[in-house]
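Some notes on the structure that comes next.
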Amino acid sequence: MSKIMTRSEVPVSSTWNISDLYATESDWEKDLRALQQLAEDIQSYKGRLGESARTLYECLEQEESLMQKAMKTANYAGLQQSEDGTNPANIARAARSGDVLSAVYARLTWINSEILDLSEGIINQYVAEYPALGVYERSLNLLLDTRPHRLSPDVEATLASLGEVTGAPYRIYLRSKLADMTFDDAADQQGQVQPVSFRLYENAYEVSPDTELRRSSFASFTKTLRQYRNTIAETYATEVKKQIVMSRLRGYESVTDMLLQPQQVTRDMYNNIHNVLLQELAPHMQRLARLKQRVLGLDRMTFCDLKAPLDPDYNPSVSFAEAADTVKEALQIMGPEYMDIMEEAFSSRWIDYADNAGKSTGAFCASIYGEHSYILMAWADNMRNAFTLAHELGHAGHLTLAARNQRLSNYRPSLYCIEAPSTMNELLLADHLMKSSQDKQLRRWVILQLLSTYYHNFVTHLLEAELQRRVYDAAMHGQAITADWLSATKGEVLSGFWGDTVEIDEGARLTWMRQPHYYMGLYPYTYAAGLTASTAAMQRIREEGQPAVDRWLTALKAGGSLPPLELMQLAGVDMSGPEPISTAADYVGSLISELESLYE
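Read in numbering that gives the first Met the number 0, the sequence shown has 73 at position 74, and its numbers run on one by one without any break.
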């Protein structure tokens, strides 16, 4: 029986170097105090933003400096809580950070309110008079677009001061999941007892070739989920109610419209992703489920069998070091500047791949303007992890390049585009692996890894997004968001997609409890949007080579300086209609067809 290690027991080499942000806790405390002084200093501009273009520029410069420091201090606390959510010191630090930042942000709300009160056309006039202000022109115009939905300065300040309270649903969800949930042990096919945790289930057992372990660990996993279902449902319902109240206060037609506005995404763009993929991808994925059941000789295809390896006898162990070398080889096409970032990520401990108790599940990349990125994942010695590594490095490379070429206000693109650079790296890794050998079994294996990428983004996250779409629609019409309703609706979403190819049992219906993305606005669907864009761009790279790579790098460096459709056009991809979505679904179908032929 393997042991789940504590944070202090894992090798330091497998952890990120948090001291790159602050060498000591006292340095962090010093910056927290400095933030409060900066918030006080900026008050000298209050009531004066209409004086001149230069006054507005100076105020925005001070605000941007403050926001950069706030990002750094918040991440120092948040990253440590992510690495071990059971450590009381990490919990206390995150709470202190949240309290201070809420107070600081509350003291800044007047800036946007004063800008919105400026007379029509004054921003354009100011930019003409004082060209230095031009670096803020885009962010100022995006702010002006929200004018119909802004509340009074006092109300905006009050809402900002409640940031720690309004962020509570997400923290409660994480605390329940990472610190409170415990799971029964599971048994493998040899009768050996195996411990179960969120990370072990999602990183190892869910993709295990051992059907007994896969199913018994799922039974253990969902048994605990069931015990917490009402608490987590109430937590999620509170998040939904918060968003609905805010959308109504601000005069939006719906919460969806409110959440799409900062993404610069229309309802059509949002619905296209859902509607096209749910309809056109489902038949292909059902074929994959039937193939998997036949090849593995399963008595039935259950939900927890969907990620079972189709070629369990060919699943070589991959160490972190081996994966690092392979990923770097695959990304060489991106050129020297990009590769310098990748080399530094490995040599300077940007990546935390240890597996310890209390560590956040899943994987993420925290990119901090003016600092290097931090990547969290848990290594499980399989090639799926190598794709996850490439994915998170895609975020790091993207936002490092964007930060080098854009101001803080313009460096993060719309969420609609945020997953395109990460999934592009996964596609580059797959292409590299396929080109490295003509072996039939290897090709079959790589196709399976590539299909895992599409499954993750086009199935897992899209079905998650579809539940979210239904939740917001129902809640806007007065539906109570309860555990029973969420489980029933999740079951409908899953059954509608998988048809009669997969058994959707109670455990499957409880999987709405697994994902943190429901607390991040309209984020889940963006995985599918990003992969659609990267699939189209990758096709151009295959056809054109370096010119297409250069266009892609230009788009990465543009950061958030353009709206999402224009940003993708820089890379040669037109996302204005459903065509690239259908093409991506067809590409997935072609991979499954090739897989079927390889198993004949």
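Where a beta carbon is used, it is the ideal one built from N, C-alpha and C, also for glycine. This one's a predicted model, so the numbers in the text were calculated from it and none came from an experiment.
Contact belief for residue i with residue j at Cβ below 8 Å, rounded distance in angstroms
i: R228; j: C303; result: Contact flag wrong, Cβ pair sits at about 18 Å.
i: G357; j: L177; result: 6 Å
i: S101; j: S160; result: 6 Å
i: S413; j: R137; result: Not confirmed; about 12 Å, so no contact.
i: V103; j: A73; result: Wrong, their Cβ atoms sit about 10 Å apart, outside the cutoff.
i: E201; j: T360; result: 6 Å
i: E599; j: R299; result: Not confirmed; about 23 Å, so no contact.
i: L143; j: I122; result: 7 Å
i: Y204; j: S216; result: 4 Å
Contacts around residue i, its chain only, beta-carbon distance under 6 Å, and the 5 residues preceding and following it disregarded
i: G520; result: L258
i: R286; result: I591
i: M0; result: Residue confidence is low: M0 scores 44 on pLDDT, short of 50, so the model does not pin down where it sits. Its coordinate-derived value is still stated next. So the qualifying residues of the chain are V192.
i: R469; result: T488
Local conformation of residue i per DSSP, three classes
i: F182; result: coil
i: N86; result: coil
i: I332; result: helix
i: S18; result: helix
i: T301; result: strand
i: I3; result: coil
i: E502; result: strand
i: P152; result: helix
i: I367; result: coil
i: V264; result: coil
i: V195; result: coil
i: I41; result: helix
i: Y129; result: coil
i: Y169; result: helix
i: I121; result: helix
i: I374; result: strand
i: D351; result: strand
i: M382; result: helix
i: V164; result: helix
i: E595; result: helix
i: D339; result: helix
i: N641; result: Only positions 0 to 599 of the chain appear in this structure, which leaves residue 641 out of reach.
i: G97; result: helix
i: Q35; result: helix
i: P579; result: helix
i: N270; result: helix
i: M66; result: helix
i: S12; result: helix
i: T360; result: coil
i: G49; result: coil
i: S589; result: helix
i: M574; result: coil
i: P562; result: coil
Beta-carbon proximity list for residue i, same chain, < 7 Å, skipping 5 on both sides
i: H148; result: R249, G250 and Y251
i: H460; result: P523, Y526 and A527
i: L593; result: Inspection of the sequence shows that residue 593 is occupied by Glu rather than by Leu. Cβ neighbours of E593 beyond the five flanking positions: I446.
i: I3; result: P194, S196 and A356
i: L59; result: Y135
i: E211; result: A186, D187 and Q188
i: F319; result: Y352 and W378
Cut-off 8 Å between Cβ atoms - residues of its own chain near residue i, not counting five sequence neighbours on either side
i: M338; result: K327, L330 and Q331
i: L277; result: L461, E465, G495 and F496
i: L456; result: Note that residue 456 is Asn in the sequence shown here, rather than Leu. Cβ within range, chain order: E418, T422, Y526, A527, G529 and L530.
i: V275; result: P577, I580, S581 and A584
i: N409; result: V134, R137, S138, G558, G559 and S560
i: T157; result: A105
i: L115; result: L142, L143, T145, R146 and R149
Any C-beta of chain C under 8 Å from that of residue i
i: Q193; result: Protein chains in the displayed structure number just one, and chain C is not present.
Residue i Cβ short of 7 Å to the ligand HEM heavy atom set
i: R468; result: In terms of ligand content, the structure shown is empty, and the ligand HEM therefore cannot be addressed.
Any chance the region 439-457 sits against the region 331-347, with 3 or more Cβ pairs inside 8 Å? no
Mind listing, in chain order, the continuous alpha helix (DSSP H) runs of no fewer than 4 residues lying wholly within the region 499-557? With a minimum length of 4 residues, the continuous alpha helix (DSSP H) runs that stay inside the region 499-557 are 505-508, 523-543 and 545-557.
Using 8 Å as the Cβ pair cut-off and three pairs as the minimum, do the region 381-390 and the region 323-331 touch? yes
Specify whether the region 458-473 and the region 485-497 touch according to this definition: at least 3 beta carbon pairs, one from each stretch, less than 8 Å apart. Result yes; three or more Cβ-Cβ pairs closer than 8 Å.
List, from N- to C-terminal side, the beta strand (DSSP E) runs of 3 residues or more that fit wholly inside the region 395-478. When DSSP assignments are scanned along the region 395-478, no uninterrupted stretch of beta strand (DSSP E) that is 3 or more residues long falls wholly within it.
Spell out a yes or no on whether the region 508-516 and the region 401-408 are touching, meaning 3 or more CB-CB pairs, one atom from each, closer than 8 Å. no
If we count Cβ pairs, one from each stretch, closer than 8 Å, do we get three or more for the region 205-222 versus the region 299-316? yes
Quick check on the DSSP output: what are the complete beta strand (DSSP E) runs of length 3 or more inside the region 191-265, in order along the chain? none
Cβ contact (3+ pairs, closer than 8 Å) linking the region 163-179 and the region 266-275: no
Are three or more beta carbon pairs between the region 312-319 and the region 370-383 nearer than 8 Å? Contact holds: three or more Cβ-Cβ distances are below 8 Å.
Below 8 Å, can you find three or more Cβ-Cβ pairs linking the region 547-556 to the region 564-571? yes
Okay, do the region 105-120 and the region 37-45 touch, 3+ Cβ pairs below 8 Å being the bar? The region 105-120 is in contact with the region 37-45.
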